[in-house]
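Engineer:
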Amino acid sequence: MSKTEDKVIIKIELSRGEYEALKAISRREGYNLVSEYVKSVVKKALGERGEKVEGLSVKELSEAIGKRIERIVSDLMNPYTGKIDDISRKISDIITILESISQEKEKTAKTIVREAKKPITAIERLKSQGVVFSEDVQWMKSPEKFFEKLKKEGAIVLEYGGERIAIDPDLWESFREEVQSISIRDVDEASTLIESFLGESAGKLFRKLAKIGLLLYDEDNGVWVLRVQDIGPTSG
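Sequential numbering from 45 applies to the sequence shown in the numbering used here.
#1: Whole angstroms is fine: what's the gap from L259's alpha carbon to R251's?
#2: Only counting runs of 4 or more residues, tell me where the alpha helix (DSSP H) segments fall wholly within the segment 207-268, in order along the chain.
#3: Hey, out of L242, S235, A210 and Y261, whose CA is closest to S218's CA?
#4: Among residues of its own chain, excluding the 5 on either side of G247, which ones have a beta-carbon nearer than 6 Å to its beta-carbon?
#5: Of the choices I209, R71 and S84, whose alpha-carbon is the least far from that of G174?
#6: Taking DSSP as the reference, what is the three-state secondary structure of V82?
#7: When burial is assigned at 16 or more other CB atoms within 10 Å of the CB, is D137 buried or exposed?
#8: Please confirm whether D214 and K171 have their CB atoms less than 9 Å apart.
#9: Taking a contact to mean a Cβ-Cβ separation below 9 Å, would you say L7 touches L202 in this structure?
#10: Looking at the secondary structure, which residues open and close the alpha helix (DSSP H) in which I167 lies?
#11: For W268 and E222, what's the separation of their Cα atoms in angstroms?
#12: Which class does Y63 belong to by DSSP, given the choice of helix, strand or coil?
#13: Look up Y75 in the DSSP assignment and give the residues it is bridged to.
#14: Relative to the alpha-carbon of K193, which residue among E179, E168 and W216 has its alpha-carbon at the smallest distance?
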């Protein structure tokens, strides 16, 4: 009868990531089982070192092989674990960025909803439009109350022959300055020039004031004169 060779079972503990990486290496080297690949590595390592296993106890042989396997596996795994750690860090950074973007979007959405629910005052609407004429609010039940409200909130309100005009105070100041600098007599040309400086509402205001007689051209001095120069942001 032939002598049966003693068998030794070696147990190696790896993380899930290390095992998956080792499995990939095993398949790349043509092994279906990780254990078969590890066995081949061990045999190759023992063969390269030329170690003599005769005379060693089972415990000594097990410890020697175990240490050798740990070094080999560690050498194999280092490049892969480094990449895995790098990928994990990048994924963590991406998650942090996405969470930050999500929080900013949520904050912006809440701000938009809050602003949308906030009622717009009459003076705020006037500031965005620049000028409001009587014909613009004919659809209201009480246009006169609307103009009174604007006046109380600081708007310039001109009244002439049943015509009411509400003007944003800032626009009115700029308008008066520009009017004094215009020497063109033609109303359309002058209003177009004003419009190029202060916007469409200012051009419309120029034509309206000229039409109802609150803006006249001084032939002697060659300038436009407002008949409401005493009206300012703090008076009416």
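From the three backbone atoms N, C-alpha and C, an ideal C-beta is built for every residue, glycine too.
Structural biologist: Walking through what the data contain:
#1: 9 Å
#2: 213-224, 231-242 and 244-255
#3: L242
#4: S235, I238 and E239
#5: I209
#6: helix
#7: exposed
#8: yes
#9: Outside the modelled stretch of the chain, which goes from 45 to 280, sits residue 7, for which no answer is possible.
#10: A166 to Q173
#11: 10 Å
#12: helix
#13: For Y75, which the question treats as bridged, DSSP gives no partner whatsoever.
#14: E168
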